[in-house]
Amino acid sequence: MKTLVAPSMLSADFGNLAKDIEMINRSEADWIHVDIMDGVFVPNISFGFPVLKHVKRWARKPLDVHLMIVNPEKFIPEVKTIGADIMNVHYEACTHLHRVVQQIREAGMKPAVTINPATPVCLLKDILPEVYMVLVMSVNPGFGGQKFIEHSVEKVRELREFIRLTNSDALIEVDGGVNLDTGRRLVDAGADVLVAGNAVFSASEPEAVIRGLKSL
Ligand code: DX5
Ligand code: ZN
0 MKTLVAPSML SADFGNLAKD IEMINRSEAD WIHVDIMDGV FVPNISFGFP VLKHVKRWAR
60 KPLDVHLMIV NPEKFIPEVK TIGADIMNVH YEACTHLHRV VQQIREAGMK PAVTINPATP
120 VCLLKDILPE VYMVLVMSVN PGFGGQKFIE HSVEKVRELR EFIRLTNSDA LIEVDGGVNL
180 DTGRRLVDAG ADVLVAGNAV FSASEPEAVI RGLKSL
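For the sequence shown, numbering that gives the first Met the number 0 gives the first residue as 0, with consecutive numbering after it.
Right, here's the structure in full:
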């Protein structure tokens, strides 16, 4: 399978979202990654559902929504209503993760579980068969443009082995500090999906970076 690429809107020009979404529509990107923050689970606030509605209006690619919020289950209906395809919730934010995953599926979306850099892969053992994807954070969530945490490569390798052993077909997505160099190493370690914010939107030719990431 070719590497899937999901540019992160967090690094887009918020004053001209439509233009950046059109660029993603034209590009070889597979999904559009959207980060929602609450200032509680992470020390930052990005944007909420009213903005997301406009992203959806322009987007011609599936929306991969990453919720960095406490009690994400409260917002399953809103996430569904704005037309998300994938709903990512943090392992660390859900006391009853199994139930939340089922609720996301019942709502008609693909459930994904995200782990912070300090959360070990082995904690996912019992939930792996239930999820469409695991999102491995390779920075501490909350901000774009941070430095890649090297240990994430090893974590992806470990997760790949775990997925094999449990006969799961979960995809592995990685988010934070991904560029052509870290992306290459992540794909070699077993990543299926690369999220990239800064690497795409700060480039003079964003579409070329997306093409480069896809070819890793
Ligand atoms: C960070 C977000 C990321 C962010 C990645 O908490 O989850 O999706 O946009 O940005 P870069 O690729 O710049 O590290
Ligand atoms: Zn994200």
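Using N, Cα and C, we set each Cβ at its ideal position, and we do this for glycine too. These figures come from a predicted structure and were not determined experimentally.
Relative to the ligand DX5, is the shortest distance from any of its heavy atoms to the C-beta of residue i smaller than 6 Å?
i	result
N24	no
L212	no
G144	yes
A87	Reading off the sequence shown, one finds Asn at residue 87, where the question assumed Ala. Checking the Cβ of N87 against the ligand DX5 gives no.
L179	no
So, for residue i: in the same chain, excluding its five sequence neighbours on each side, which residues have a beta-carbon less than 7 Å away from its beta-carbon?
i	result
R59	N24
K79	A106, G107, M108
S45	L9, D34, I35, M36
G14	none
A202	V208
Give me the DSSP bridge partner(s) of residue i.
i	result
M36	M67
H89	T113
Would the beta-carbon of residue i be found less than 6 Å away from any heavy atom of the ligand ZN?
i	result
H95	no
D34	yes
H65	yes
D174	yes
May I have the straight-line CA-CA distance separating residue i from residue j, to the nearest angstrom?
i	j	result
N139	N87	16 Å
D191	P49	30 Å
P119	R163	17 Å
P110	V130	5 Å
E153	R210	25 Å
A223	A11	Since the first and last residues shown for the chain are 0 and 215, residue 223 lies out of range.
H53	E91	29 Å
T94	R104	18 Å
H32	L158	21 Å
I148	S26	28 Å
G222	L212	With the chain running from 0 to 215 in the structure shown, residue 222 is simply not present.
I20	D63	14 Å
I126	Q101	11 Å
N115	C121	13 Å
K217	A169	Beyond the ends of the chain as shown, which are 0 and 215, falls residue 217; an answer cannot be given.
So, using beta-carbon positions, are residue i and residue j closer together than 7 Å?
i	j	result
G141	N70	no
G176	S214	no
V194	D174	yes
What does a CB cutoff of less than 6 Å around residue i pick up in its chain, not counting 5 residues either side in sequence?
i	result
N197	S10, G143, G144
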